[in-house]
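Q: Here it is: the structure, laid out below.
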Amino acid sequence: MPNTEPENQVLITYRNGYIHILNPDNFVITPDKIEGLWENLTEACTKYDCNRVLNEGSVDLSKLRAYDSYHSGAQAGEIQGLRMAFLFHGYTPDERADFFKTVASNRGAKIEFFSDRRAALRWLGVSEIE
Numbered sequence: 125m126p127n128t129e130p131e132n133q134v135l136i137t138y139r140n141g142y143i144h145i146l147n148p149d150n151f152v153i154t155p156d157k158i159e160g161l162w163e164n165l166t167e168a169c170t171k172y173d174c175n176r177v178l179n180e181g182s183v184d185l186s187k188l189r190a191y192d193s194y195h196s197g198a199q200a201g202e203i204q205g206l207r208m209a210f211l212f213h214g215y216t217p218d219e220r221a222d223f224f225k226t227v228a229s230n231r232g233a234k235i236e237f238f239s240d241r242r243a244a245l246r247w248l249g250v251s252e253i254e
């Protein structure tokens, strides 16, 4: 059963062993939206008893600062055993993404960025069956 956040239309569903986050086209992620996004993910992980996540879509991360990367990494680490693949179409990971991954990793979360859906699902250790 889908769980949708009405304000930003981010769709969170459980699929075949993983949680799928589908962001709306050209979704602008801002510092004030981050807290709600992590809260929704934490709720979904608890509800589905699942820590494997594919976060997908066409997003704009230009409004985020280094602090936001730190804060997101810390929040990722609060989800026990989180393994999260990011498939942001047209996005090339930068220093902020590396910083986010490092902060999350230091807290026990595994984070990776992908440009290929099959590779992302393979890294998560889940089937590609929809």
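The opening residue of the sequence shown carries number 125 in my numbering; numbering runs sequentially from there. Cβ coordinates follow ideal geometry from the N, Cα and C atoms, glycine included.
(1) Which residue wins for smallest C-alpha separation from THR137, given the options ARG189, ASN150, HIS195, THR166?
(2) What residue from ARG189, LEU245, SER196, PHE238 has the CA that sits closest to GLY160's CA?
(3) Indicate the three-state DSSP secondary structure (helix, strand or coil) for GLY197 in the structure shown.
(4) Let's see if you can read the secondary structure: which residues bound the alpha helix (DSSP H) around ASN164?
(5) Drop a sphere of 10 angstroms on the beta-carbon of ASP240, count the other beta-carbons inside from all chains shown, and report buried for 16 or more, exposed for fewer.
(6) ARG176: buried (16+ other C-beta within 10 angstroms of its C-beta) or exposed?
(7) Comparing the CB of PHE212 with every heavy atom of the ligand HEM, is any distance shorter than 7 Å?
(8) Using a Cβ-Cβ cutoff of less than 6 Å, which residues in the same chain neighbour SER182 once the five nearest sequence positions on both sides are dropped?
(9) Suppose you measure from the CA of TRP162 to the CA of ASN140; what does that come to, to the nearest Å?
(10) Near VAL134, which residues of its chain fall below 6 Å by C-beta distance, leaving aside the five closest residues on each side in sequence?
(11) Expressed to the nearest angstrom, what Euclidean distance is found between the alpha-carbon atoms of TYR215 and PHE237?
(12) Grouping DSSP H, G and I as helix and E and B as strand, with all else coil, what is THR137?
A: This is what the structure gives:
(1) It is THR166.
(2) Ranking ARG189, LEU245, SER196, PHE238 by Cα distance to GLY160 puts SER196 first.
(3) GLY197 sits in a helix when the DSSP states are folded into three classes.
(4) Residues 155 to 172.
(5) So ASP240 counts as exposed.
(6) Of the residues assessed, ARG176 falls on the buried side of the cut-off, its CB having 16 or more other CB atoms within 10 angstroms.
(7) This structure does not include the ligand HEM; it has no bound ligands of any sort.
(8) In its chain, beyond the 5 residues on either side, ASP149, ASN150, HIS213 have a beta carbon closer than 6 Å to the beta carbon of SER182.
(9) A direct Cα-Cα distance of roughly 21 Å separates TRP162 from ASN140.
(10) Excluding residues up to 5 positions away in sequence, ASN147 lie with their Cβ nearer than 6 Å to the Cβ of VAL134 in the same chain.
(11) Cα to Cα, TYR215 sits roughly 9 Å from PHE237.
(12) Assignment of THR137 by DSSP, reduced to helix, strand and coil, places it in the strand class.
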